[in-house]
Structures are given as C-alpha cells and as structure tokens.
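**Q**
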C-alpha cells in the first residue's frame with residue numbers, strides 16, 4: 001500500500017503523463033441501488049446484456065443439445081481450420097511487436113506515469129500473472145503434449161519414433177524427441193505470452209497513463225474517440241465478458257474432470273457427475289473466500305502458495321527423474337525451439353495441416369480468447385513498471401519457465417516412453433489410448449513416492465483453478481461495473497457463483513462443455529482483430545508519453 | 001478530551017455524509033481540535049479522479065472547503081489501496097494510527113440483513129480501532 005498523504009508531498013502531476021481529456025465520467029452510465037439487502041453499482045447495458053445472454057446460451061445448449069452441439073462444432077472447425085493462417089500470422093505480429101517495444105526508446109515509458117513506483121515485488125507479481133495466465137494448462141498438457149507431438153502429431157512432418165506396430169525405430173528417436181519438446185515449447189512460449197502482453201499493456205497504458213477506465217474498450221479510444229463510450233464499446237466489453245466467463249466455466253468443468261480422474265487414480269473415488277459437481281462447488285467456495293479477501297489478502301496469497309507448490313513438484317520431478325538427461329533435454333529443447341520457431345510459426349503453405357489446425361491454430365484462438373481476462377488482470381497488478389521491464393517479465397521470463405516445465409515433465413515422460421515402451425504408463429495413456437486427464441498421473445507413477453506426488457498434483461490442479469476463478473471474477477466484475485474496481489462486494493460474489501453454476505449446469509448436460517469450448521474458441525476470431533488494433537493503439541499511445 | 005478527529009469520506013457519495021460532517025465539525029470546534037478527512041482510492045481511474053495524485057488533490061480541496069465552511073482546522077489524508085472493496089476496513093484502521101487521531105466520527109447506514117454477511121465499515125472500525133469511534137447513522 002502506498003500512502004500519499006497530502007502533507008508528505010504529492011508527486012508532480014506530470015509524473016502522471018499524457019492524460020486523455022474526455023467528457024466521459026467513469027460510472028456515468030452506471031446504475032446503483034439495492035436489491036433487497038444487497039447494494040449494487042453496475043454498468044447498465046454491459047452487465048444486463050452479458051448476464052442475460054449467458055443465461056440464454058446456457059438454456060440453448062440445454063434445451064436443444066443436438067442442434068447446439070452440431071452448430072458449435074461446425075463453428076469450431078470453421079474457425080480453427082478456415083482461419084489458421086490468420087491466427088498464426090497475427091500471433092507472429094504480436095511477438096515481433098513486443099520484441100520491438102523492448103529495444104525501441106518507448107520501452108522507457110513507465111506505466112502509471114514517470115514517477116510511479118511498482119506496487120508488488122517481482123515474486124508476487126510474477127506469481128499472480130503466472131497463476132492466472134496458464135498454470136492450469138501446464139498441469140494438463142505438461143506430459144501430454146511433448147509425448148503426443150513426438151509420437152503422433154508429426155509437426156513439420158518429423159516422423160514418429162514408433163512404427164505402426166508400436167516398435168521403436170531407433171534412427172527416428174533423436175529428431176522426434178527434439179521436435180516433441182520444441183513444438184510444445186512453441187505453444188507455451190513467446191507467442192501466448194506476447195498475446196497476453198499486448199492486451200495487458202494496452203489496458204495498463206490507457207488506464208494508468210491516459211486516465212481512462214479499466215475496461216477493454218478504453219484501448220479503442222484512439223480509433224473510435226468518444227464513440228467508444230457508446231454501443232461500440234458496449235459490444236467490445238460484452239464480448240470480453242463472454243470470453244472470460246465461458247472460458248472460466250469450461251475450464252472449471254474440464255478441471256473438475258481432471259481432478260476427478262486423479263482422485264479416482266489415487267483413492268478410487270468413482271468418476272461421475274456427483275464427484276465433479278462437488279469439486280466445482282468446493283473450488284467455487286474457496287474462490288469465493290479469496291475474492292472476499294480481495295486482491296492482496298486472497299488472490300495474491302493463493303497465487304504465491306500455488307507457485308511454491310508447483311516449484312516443489314518441478315524440483316521433485318527434476319531430482320527423482322534422470323536429472324542430467326532432463327538438463328540436456330532443456331538445452332536441446334530450447335535450441336530446437338530457437339531453430340524451429342520460424343518454420344513452426346509460418347502461417348502459409350504448410351504440409352502438416354493436422355498439427356497446424358488441430359494444435360497451433362486451436363491454441364492461438366484459445367490464448368486470444370483468454371487474453372481479455374489474463375491481460376486485464378496482469379494490467380491491474382503492473383502499475384509502476386516500465387514498458388521494457390513489463391515486456392521482459394511478461395514475455396521472456398514466463399516463456400523460460402514454461403520451457404523448463406515442459407523440459408522436465410515432458411522430458412521425464414518421453415524418457416519413460418522410449419526407455420521401456422512395453423511397461424510405460426505414459427505410452428498406455430497417451431499413445432495407445434488417448435486419455436489426457438490421466439497423462440500427468442501416469443508419468444508420476446513411474447517415479448518414486450507416486451501416491452504422495454499424485455495427491456500434490458491434485459491439490460495443485462484445484463488451487464490453480466481457484467486462482468483462475470477468483471481473478472476471473474474480479475475481472476468480470478470490473479468490466480461489468482464500467483471499469484470501477486470498488487463496486488460493492490455482492491457483485492463479485494454474484495459473478496463467482498454464477499461462473500460455478502454455469503460450469504455445473506453444462507457439466508451435467510451431454511456435450512455442454514464441448515459446445516461452450518467451441519464458443520470460447522470462436523470468440524478468439526473477433527478478438528484477434530481487437531488485438532491487432534490494440535497494437536496500433538499502444539504504439540500511438542506510447543509515442544505521446546514523456547520518456 | 002480529544003486531540004484530533006478523523007473522518008473517513010467517500011468523495012463519490014459526499015452528499016450522504018452531511019450528518020457526520022456536521023457532527024465532526026461541531027466536536028472539533030467544541031475542543032478546538034483539527035479534523036483529518038481520510039479518503040481511499042484505487043490506483044485505477046475512478047469516478048472521482050484519473051489517478052491517485054489527482055484524487056489526493058481533490059481530497060485536499062474538499063478538506064480545505066470543509067475547513068473554510070465550518071471554521072475548523074482541516075487536513076486531508078489520501079490512501080491508495082489495491083482493492084478498496086475488500087481492504088477498506090484495514091485501510092481505515094491503519095489510517096487511524098497514521099493520522100494519530102483519537103476520535104473517529106464516521107457515517108454509517110442503518111444496519112440491515114446484509115450486515116450479518118458483510119458487517120458495515122463503521123461497525124468494524126468501532127470493534128477494532130484503539131481510538132474512540134462515533135458512528136453517525138443515516
């Protein structure tokens with residue numbers, strides 16, 4: 001907490017940089033009042049439209065499951081297959097744009113004005129952006145993806161080390177192993193973090209330096225001018241709420257399934273809706289406590305606990321597995337990533353369409369649809385950093401952590417598969433039959449103390465979901481309150497509970513989660529355009545700032 | 001009796017504070033002691049100000065106007081919080097210490113059902129502050 005007591009001297013106003021003068025007052029479109037005993041303060045069209053539309057979507061998927069399923073899966077494949085070139089090309093632009101910001105003079109601009117000081121230590125800041133950004137995905141895909149890319153998806157046409165009968169082809173092993181790691185790192189490295197960095201930087205810049213409300217629409221001020229406070233802006237914000245809530249609800253559903261699979265694996269808890277509904281209820285309850293305790297007392301504390309446990313698990317796998325081999329993998333994986341990043345990110349004329357459309361395009365759409373949520377959360381905790389520091393910490397450091405994570409978890413898993421294919425649990429769960437929620441537990445099975453580490457892994461999955469759920473609720477609450485971060489408590493409680501309820505309802509309906517996941521991916525398409533505009537807005541905004 | 005009064009103010013809803021402001025000022029004149037107006041802001045732009053510095057200036061102006069209108073010595077103390085909704089009570093309790101006030105005069109609504117779930121700020125401050133607390137209803 002910073003104390004700017006008036007008799008201690010207030011920082012010079014030019015420290016606060018080039019404020020955009022607008023006639024719009026934050027909160028002018030808000031309605032506040034009481035529902036029964038509960039107070040509220042909401043942005044009039046955005047809150048109501050997004051709330052009602054979400055309810056309508058849920059009813060649609062429940063009432064007409066077959067029709068909804070067919071419609072959404074058509075949309076899903078139309079978006080990821082028809083626009084793969086667009087996603088890949090745009091993501092490359094984001095990476096290049098971020099790298100440029102590091103080296104150009106605008107990197108000196110400080111978020112929050114020249115005099116601003118950072119609010120969070122590096123550790124706390126990093127823990128929060130990492131836990132919100134992709135922690136959960138690392139648990140789900142850390143084992144699955146390297147093994148799958150090595151053996152099945154054949155990125156850039158690199159052949160599998162197994163023949164059709166499952167026998168090892170020794171001469172293919174080295175290249176396939178390196179490509180497996182490189183392709184995974186590619187999906188979790190610079191590109192996703194550049195996507196988050198663009199949104200986060202746009203919001204931080206227009207909010208902390210330009211004085212506009214902390215909502216997605218503010219980044220469009222240079223393009224739309226005052227019209228951004230009207231329907232154009234409403235549409236952008238409603239889309240952001242959709243992407244965030246549906247993204248969180250589907251993740252909650254899938255997370256409950258993974259935790260359930262893990263509990264079944266370790267304790268024999270039956271797999272089914274009862275256990276999963278209880279898990280979602282539990283996760284929502286913890287998230288509720290966290291949002292009530294607020295950003296510092298809840299979200300930050302949980303994120304730090306989370307990262308600490310994850311680091312311990314990483315260290316354990318590193319030491320219990322073949323340590324030297326993993327460290328070699330780390331080096332080789334990183335080298336292969338650097339070597340292959342250009343061919344892997346090439347948007348046109350690719351032969352490996354299965355990999356590009358099934359994985360890369362899907363991932364880019366997924367990261368982009370999550371970017372309003374993660375970006376806004378990162379923005380909120382990043383005041384006081386310079387642009388250069390910000391991009392380095394949001395782009396380079398998390399990418400390296402992901403490389404390490406994938407090299408350790410993927411490296412151990414690949415080693416298990418290759419050294420003893422006949423008994424490898426990972427091979428059984430990933431290559432022979434495709435069982436994603438179990439892949440992590442299958443890898444831990446091959447290491448000592450599997451029961452203990454599996455329990456830790458289940459706890460991690462759950463806590464990662466809590467940290468996504470609580471920060472997501474804060475973000476949705478802020479957007480639907482027109483950028484106010486001090487809206488009444490019942491509102492954030494409402495979004496947190498609503499999110500859990502949507503997840504439960506969809507989990508109980510056949511194919512509900514898949515339908516909604518397709519919806520989330522589809523929102524990635526309009527948001528890619530949003531992000532491209534943001535790059536331009538950031539550039540313009542930064543040039544006006546004093547450095 | 002007392003040496004300094006602290007009055008928390010919500011600049012966005014200053015119209016609802018009239019009774020507590022009048023009351024605090026009357027007590028200040030009675031003992032000839034100063035009032036410090038405490039305001040809490042987030043770092044993000046809000047309905048009052050674009051940034052914490054602007055908020056602090058507006059709070060200082062508010063205090064000055066109160067001082068002139070009610071003939072008291074008035075000061076201001078702006079505090080920045082990451083999450084005002086959740087942290088308000090703790091921030092105000094810290095402000096009681098920081099300002100060195102030994103009497104807090106603050107506005108509060110009439111308690112209702114919701115106060116069982118989320119106790120009012122006034123109630124929480126009265127329960128935990130070392131200073132004397134006067135909670136002015138409605």
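Residue numbers (UniProt numbering), protein chains in the order written: chain R, 1 to 547; chain V, 1 to 138.
Ideal placement from N, C-alpha and C gives every residue a C-beta, glycine not left out.
List, in chain order, every chain R residue whose beta-carbon is nearer than 7 Å to that of residue 42 of chain V.
**A** The answer, in chain order, is 485, 486.
**Q** If you draw a straight line from the alpha carbon of residue 90 of chain R to that of residue 406 of chain R, how long is it in whole angstroms?
**A** Roughly 25 Å separates the two Cα atoms.
**Q** Run through DSSP, which three-state label would residue 481 of chain R get?
**A** Looking at residue 481 of chain R - three-state DSSP - the assignment turns out to be coil, as it is neither helix nor strand.
**Q** So for residue 192 of chain R, helix, strand or coil by DSSP?
**A** Residue state, collapsed to three classes: helix.
**Q** Round the Cβ separation of residue 280 of chain R and residue 466 of chain R to the nearest angstrom and send it over; I've been treating them as touching at under 8 Å.
**A** Not confirmed; about 11 Å, so no contact.
**Q** Along the segment 514-543 of chain R, where does the CB come closer than 9 Å to a CB of chain V? Name the residues.
**A** Correct list: empty, as no residue qualifies.
**Q** With a cut-off of 8 Å on the beta carbons, I'd call residue 248 of chain R and residue 469 of chain R a contact; round off their distance for me.
**A** Their Cβ separation, rounded to whole angstroms, is 6 Å, which keeps residue 248 of chain R and residue 469 of chain R in contact under 8 Å.
**Q** For residue 8 of chain V, go through chain R and note every residue whose CB falls closer than 8 Å to its CB, in chain order.
**A** Within 8 Å Cβ-Cβ: nothing; residue 8 of chain V doesn't reach chain R, min ~14 Å.
**Q** Tell me which same chain residues have a C-beta within less than 8 Å of the C-beta of residue 268 of chain R, skipping the five on either side of it?
**A** Around residue 268 of chain R: no qualifying Cβ.
**Q** With H, G and I counted as helix, E and B as strand and the rest as coil, what does DSSP make of residue 120 of chain V?
**A** In this structure, residue 120 of chain V counts as coil in the three-state DSSP scheme.
**Q** Can you confirm whether residue 212 of chain R, when its beta carbon is compared against all beta carbons of chain V, has any partner nearer than 9 Å?
**A** Closer than 9 Å: yes.
**Q** Can you tell me which of the three DSSP states residue 385 of chain R falls into?
**A** In this structure, residue 385 of chain R counts as coil in the three-state DSSP scheme.
**Q** Please state whether DSSP places residue 44 of chain V in a helix, a strand or coil.
**A** Coil.
**Q** Go through its chain and collect everything with a Cβ distance to residue 219 of chain R's Cβ below 7 Å, but skip five positions before and after it.
**A** Correct list, in chain order: 202, 203, 206, 534, 537.
**Q** Taking the C-alpha atoms as reference points, what is the distance between residue 454 of chain R and residue 381 of chain R?
**A** So the alpha carbons of these two residues sit roughly 32 Å apart.
**Q** Spatial neighbours of residue 91 of chain V within its chain, please: C-beta separation below 7 Å, excluding the five flanking residues on both sides.
**A** Excluding sequence neighbours, residue 91 of chain V sits near 40, 79, 81.
**Q** Mind pulling the chain C residues with CB within less than 9 Å of residue 113 of chain R?
**A** Any reference to chain C falls outside this structure, whose protein chains are R and V.
**Q** The alpha helix (DSSP H) that contains residue 19 of chain V, what's its start and end?
**A** Residue 19 of chain V -> alpha helix (DSSP H) spans 18-31.
**Q** Assuming residue 246 of chain R and residue 520 of chain R make a contact with CB atoms under 8 Å, what is their CB distance in whole Å?
**A** Contact flag correct, Cβ pair sits at about 5 Å.
**Q** For residue 460 of chain R versus residue 253 of chain R, is the C-beta spacing smaller than 9 Å?
**A** No, the pair does not count as a contact, with Cβ atoms beyond the cut-off.
**Q** Are the C-beta atoms of residue 25 of chain R and some chain V residue less than 9 Å apart?
**A** Taking Cβ atoms only, chain V reaches closer than 9 Å to residue 25 of chain R, which makes this a yes.
**Q** Whole angstroms are fine: how far does the CA of residue 306 of chain R sit from the CA of residue 55 of chain R?
**A** C-alpha separation (whole angstroms): 32 Å.
**Q** Going by the CB atoms, is the gap between residue 301 of chain R and residue 548 of chain R shorter than 9 Å?
**A** Outside the modelled stretch of chain R, which goes from 1 to 547, sits residue 548 of chain R, for which no answer is possible.
**Q** Going by DSSP in three states, residue 356 of chain R sits in which element: helix, strand or coil?
**A** It is helical.
**Q** By the criterion of Cβ-Cβ separation under 9 Å, what are the contact partners of residue 84 of chain V in chain R?
**A** In chain order: 294, 485, 486.
**Q** Give the C-beta separation of residue 106 of chain V and residue 8 of chain V to the nearest angstrom, bearing in mind that I take them to be a contact with Cβ-Cβ under 8 Å.
**A** Right, their Cβ atoms sit about 5 Å apart.
**Q** Might you give, ordered along the chain, the residues of its own chain that have their beta carbon closer than 7 Å to the beta carbon of residue 430 of chain R, omitting 5 neighbours on each side?
**A** Answer for residue 430 of chain R: 144, 147, 148, 439, listed in chain order.
**Q** Which same chain residues, not among the five before or five after residue 361 of chain R, have their C-beta less than 6 Å away from its C-beta?
**A** So the list reads 80, 84, 87, once near-sequence residues are dropped.
**Q** Tell me the rounded alpha-carbon separation between residue 262 of chain R and residue 323 of chain R.
**A** Distance between the alpha carbons of residue 262 of chain R and residue 323 of chain R is about 26 Å.
**Q** Would you say the beta carbon of residue 87 of chain R is closer than 8 Å to some non-hydrogen atom of the ligand MG?
**A** Although the ligand MG was asked about, the structure shown includes no ligands whatsoever.
**Q** Taking DSSP's pairing of strands, which residues face residue 11 of chain V in a bridge?
**A** DSSP, once it has assigned bridges, lists no residue as partnering residue 11 of chain V.
**Q** Please report the straight-line C-alpha distance between residue 13 of chain R and residue 208 of chain R, rounded to a whole angstrom.
**A** Here residue 13 of chain R scores only 31 on pLDDT, less than 50, and its place in the model is too uncertain to base an answer on.
**Q** Quick one: Cα of residue 70 of chain V to Cα of residue 526 of chain R, how far?
**A** Each residue's alpha carbon lies about 56 Å from the other.
**Q** Going by C-alpha distance, which of R:285, R:414, R:384 is nearest residue 500 of chain R?
**A** When only C-alpha atoms are compared, the closest one is R:285.
**Q** When you compare the CB positions of residue 210 of chain R and residue 388 of chain R, do they come within less than 9 Å of one another, or not?
**A** No; because the gap between Cβ atoms is not below 9 Å, this pair is not in contact.
**Q** With a cut-off of 8 Å on the beta carbons, I'd call residue 337 of chain R and residue 482 of chain R a contact; round off their distance for me.
**A** At roughly 42 Å, the Cβ-Cβ gap does not stay under 8 Å, so residue 337 of chain R and residue 482 of chain R are not in contact.
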